[in-house]
Amino acid sequence: MLVCQCNMITSREIEDIVLDLLKADPWQLVVPAKVYAELNRRAKCSGCVPNVVDIIVRVTENYHAQQAHEPAELVQLQSGLEKLKKQRNGVRRERRSTSHRAA
Numbered sequence: 003m004l005v006c007q008c009n010m011i012t013s014r015e016i017e018d019i020v021l022d023l024l025k026a027d028p029w030q031l032v033v034p035a036k037v038y039a040e041l042n043r044r045a046k047c048s049g050c051v052p053n054v055v056d057i058i059v060r061v062t063e064n065y066h067a068q069q070a071h072e073p074a075e076l077v078q079l080q081s082g083l084e085k086l087k088k089q090r091n092g093v094r095r096e097r098r099s100t101s102h103r104a105a
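For what it's worth, this note's numbering labels the leading residue of the sequence shown as 3, then goes sequentially.
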């Protein structure tokens with residue numbers, strides 16, 4: 003389906019760009035400007051931007067749903083993070099003595 007008539011951009015092209023961006027960094031914020039920059043184009047009349055946003059949201063949701071972990075894996079991950087946090091609690095992060103007071 004043709005999304006941007008000014009630049010002749012199809013929904014498939016946008017979906018592919020969004021997937022490529024998410025594969026590079028799954029937690030980045032994908033915005034229409036980034037999609038247009040990847041296509042080496044710009045939004046001329048900006049009438050297509052709401053449709054581009056809808057495509058970005060749909061593709062991002064689907065990508066993260068496919069990458070979702072099983073609940074058991076998440077519990078193991080969380081317990082591992084808590085274990086690391088307990089280990090780091092006793093570590094001093096500053097070089098100054100504990101009796102040092104800031105002016």
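Cβ atoms here follow ideal geometry from the backbone N, Cα and C, with glycine treated the same way.
For the pair T12 and G82, the Cα-to-Cα distance works out to about 44 Å. DSSP, read as helix, strand or coil, puts V33 in coil. DSSP places L4 outside any alpha helix (DSSP H); the residue lies instead in the beta strand (DSSP E), whose first and last residues are 4 to 6. Our two residues, K87 and I16, have alpha carbons roughly 41 Å apart in a direct line.
In this chain, the alpha helix (DSSP H) harbouring A67 covers 51 to 68.
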